[in-house]
Structures are given as structure tokens and as C-alpha cells.
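Each step along the sequence shown adds one to the number in the numbering used here, with nothing skipped, and position 269 is 268.
All residues carry an ideal CB built from backbone N, CA and C; glycine is no exception.
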Amino acid sequence: MRSTDLATLTGVLRVCDLELTLLDGGNPRVALESRVHDGALFLSARTGFRFRGRFMLPLDWCMVGFVQSTDPAKSWCHGTPLSSGLALTVLAEGISEFVLSENSHVLLVLMPVRRLQRRFTELSLREGLPPSRALSLFRTEGGGWGERLRMHCEGLARRVVDGRLLDDEVEALLEQHIQAALAASTRERPVCPRAHHSHYLIVQRAEAFMRQHMRRDIYLQELCTAAGVSERALRYAFEHMLGLSPTRYLSMLRLCAACRSLSMADGARRTVKAIALACGLWDLSRFADNYRRVFGELPSETLMRHPPHDEGASLN
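Written as C-alpha cells, this is what we have:
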């Protein structure tokens with residue numbers, strides 16, 4: 000693994016931005032390999048940090064993936080715990096939200112949704128895709144198509160790292176993935192426990208308030224009111240879902256937002272002060288100290304670097 004800046008990680012999905020909020024207070028470290036092949040993006044990632052992620056796919060794109068390893072006590076997708084051996088399908092139906100623990104290993108493949116639609120129609124003899132929840136998460140256990148998919152994804156992850164992707168890689172993955180999704184029984188589809196769902200909704204409402212009012216001071220009682228719960232319930236939900244207190248999460252949300260803005264800004268037109276104030280970071284000296292502790296450099300150093308340019312192969 001190697002240290003990676005948030006600006007680089009923001010662009011790893013190519014077709015949309017990936018917004019990350021660090022949950023462990025350290026500079027992100029990741030082992031990351033990506034390949035553009037046959038009009039699709041293949042991505043294998045192993046994380047050395049815990050983070051909260053959000054992204055929204057364009058309407059004409061989709062994602063299929065496989066969780067090789069993760070900590071189910073610390074990882075979730077829309078409140079549903081993630082565990083090793085889960086396959087996933089993501090369609091463009093709003094913002095996707097998740098948390099991944101440190102030492103997670105995932106394989107993701109992004110492709111035009113028409114390829115998934117065509118293959119699904121061929122294999123199921125049904126027109127069009129069902130709602131995303133019908134394909135979203137399923138376990139690859141107990142033999143049959145699920146076991147075949149698991150073995151296929153483990154081999155594919157190695158080929159992504161080695162750069163030895165096969166000519167029919169996309170179609171082969173789609174056949175295994177769709178067949179396994181169609182064959183998955185109810186017990187092979189994870190459900191969100193009631194406590195997880197309740198805590199996820201509390202965090203979601205409080206975080207939405209944080210994002211809407213990031214420029215100004217935000218008080219704990221305001222978050223309680225926005226989430227519709229007591230202070231004790233709010234703290235418990237944040238500790239359960241994110242491993243942080245609400246105020247600590249707000250600090251990391253602001254710090255990571257500032258980092259993304261600094262990474263992408265034109266240093267000749269914007270200042271560290273303007274970006275910090277836009278994120279509600281009023282104490283500039285404290286901001287600089289916290290920023291250097293987390294990201295290993297001063298905010299001014301991030302700002303003065305040129306915005307990253309994508310020199311890889313295009314997906315369009």
C-alpha cells in the first residue's frame with residue numbers, strides 16, 4: 000500500500016466523482032490497480048484506512064462488484080452490513096452511500112448499462128432490468144452459480160493487478176454475475192437489521208444538515224433536531240455506524256471537503272482562507288495544524304499543486 004491523496008481517489012471511478020470522508024484521522028493508504036478494457040473500467044482496491052464514501056453514477060452507466068474481504072462490523076452499504084463474499088450491482092438510481100473498513104479488498108467493474116441490460120435480457124428472457132434492489136447485494140456461498148462467480152471474481156482481481164485481462168472479460172463476468180443474482184435465494188440476500196436501519200437514517204438526516212449548513216457553526220442540538228432524536232441517541236447512532244462522535248465526524252467532513260477543494264482549485268484564483276471559510280473552518284491556524292496532521296502537508300502546498308489530469312485511457 001502507498002499513501003494517496005483524496006484528489007486522486009476522487010477520480011478513480013472515471014465516470015463520476017467518489018467523495019470520501021476519512022474516519023480514522025490518517026492519510027489514506029491504498030493498493031489500487033485500474034484498467035480500461037473493452038469499454039469498461041476494472042478496478043481492484045485494497046484499503047489501509049476506514050472511510051465513508053458517496054457517489055452517483057451517470058444514467059447510462061452501472062457497476063458490478065465483489066467484496067473479497069472486509070470487516071462486517073465496520074462496513075455497510077445504505078446501512079446493510081457488508082461481508083466478505085458479497086456481490087453487488089449498482090444502477091444509476093441516486094446517491095450510493097457506503098463505509099469500508101481498513102483492510103477491505105474490493106473488485107469493481109464499471110460499464111455502460113446497456114451491456115448489463117442486453118445480457119440480462121438474453122439470460123432471463125425478460126425485457127429491461129428489475130429495480131436495483133432485486134440485484135443489489137447477494138452472497139456467493141453454497142455452491143452453484145454463486146460459487147462460480149466468487150472464483151471468477153478472485154481470478155479477475157488477480158488479472159487486473161497483473162494487467163492480463165482477457166478479450167471477453169466483460170461478457171464472461173456479466174454471465175456469471177447475472178446467473179448468480181437470478182439464482183440467489185432470499186436467505187442469500189442480506190437484509191438491513193432494524194437497529195442498523197434506524198441508526199443509518201439518523202446519521203443520514205444529521206449529515207444532510209451538516210452539508211447544507213457547512214459554512215457556519217453547527218451546534219449539537221441542531222443536529223438532534225434535524226435527526227429527530229435525543230443527544231444520546233444521536234451519539235449512539237454515529238458511534239455505531241461511523242465509529243465517531245457527531246462533532247468529530249463534522250470536523251472530518253469539513254477537513255476532507257477542504258482537501259478536495261484545495262486539490263482541484265486554481266491556486267492563482269482561490270486562496271486557502273477562502274476555501275477554509277467555505278467549509279466552516281474559521282480558525283485558520285488550527286485548520287493548518289489539523290490538515291498537516293491528517294494529510295501530511297500544509298493546505299497551501301495542496302493548493303499550489305496543479306489539479307490532477309487524467310492521462311489514462313478514456314471510457315468514452
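Coil, strand or helix - residue i by DSSP
| i | result |
| --- | --- |
| M0 | coil |
| F48 | coil |
| L22 | coil |
| T79 | strand |
| L85 | strand |
| R188 | coil |
| S229 | coil |
| T9 | helix |
| A182 | helix |
| R215 | coil |
| L122 | helix |
| F114 | Looking at the sequence shown, residue 114 is not Phe but Arg. Here R114 sits in helix by DSSP. |
Contact set for residue i: own chain, Cβ-Cβ below 6 Å, skip 5 residues either direction
| i | result |
| --- | --- |
| F41 | R34, V108, V159 |
| R1 | none |
| M251 | T20, L21 |
| T246 | none |
| C76 | F97 |
| C152 | F65, L106 |
CB of residue i within 8 Å of CB of residue j, strictly
| i | j | result |
| --- | --- | --- |
| A171 | F137 | no |
| V293 | N102 | no |
| F237 | V202 | yes |
| V29 | T3 | yes |
| S43 | A156 | yes |
| L53 | I94 | Residue 53 is actually Arg in this sequence, not Leu. Yes; because the gap between Cβ atoms is below 8 Å, this pair is in contact. |
| R113 | V169 | no |
Contacts around residue i, its chain only, beta-carbon distance under 8 Å, and the 5 residues preceding and following it disregarded
| i | result |
| --- | --- |
| I274 | A257, S260, L261, A264, P298, L302 |
| Y235 | H198 |
| L314 | R13, V14, V35, G38, A39, L40, L109 |
| S123 | I177, L181 |
| V11 | L17, L31, S33, L42, A44 |
| F217 | Rather than Phe, the amino acid found at residue 217 in this sequence is Ile. Excluding residues within five positions, the ones whose Cβ falls inside 8 Å are F208, M209, L249, G279. |
Residue i beta carbon near the ligand GDP (any heavy atom closer than 7 Å)
| i | result |
| --- | --- |
| F54 | Inclusion of the ligand GDP in the displayed structure is not the case, the ligand content being empty and no account of it being possible. |
Extent of the continuous beta strand (DSSP E) run through residue i
| i | result |
| --- | --- |
| L148 | No beta strand (DSSP E) holds L148; the alpha helix (DSSP H) holding it covers 143 to 161. |
| E92 | That residue, E92, is in no beta strand (DSSP E); it is neither H nor E in DSSP. |
| H36 | 28 to 36 |
| H104 | 104 to 111 |
| M319 | Here the chain comprises residues numbered 0 to 315, so residue 319 is not present and cannot be evaluated. |
Bounding residues of the alpha helix (DSSP H) (the contiguous stretch that carries residue i)
| i | result |
| --- | --- |
| R138 | Careful: R138 lies outside any alpha helix (DSSP H), inside the beta strand (DSSP E) at 136 to 138. |
| L302 | 298 to 303 |
| H198 | 193 to 211 |
| T246 | 245 to 263 |
| I274 | 271 to 277 |
| L283 | 283 to 294 |
Neighbourhood of residue i by C-beta distance below 7 Å, restricted to the same chain and skipping five residues each side
| i | result |
| --- | --- |
| L148 | A86, T139, Q175, H176, A179 |
| H196 | G78 |
| E126 | T120 |
query: Counting pairs of beta carbons, one from the stretch 257 to 265 and one from the stretch 220 to 236, are three or more of them closer than 8 Å?
result: no
query: Between the stretch 82 to 89 and the stretch 200 to 216, do three or more beta carbon pairs fall short of 8 Å?
result: no
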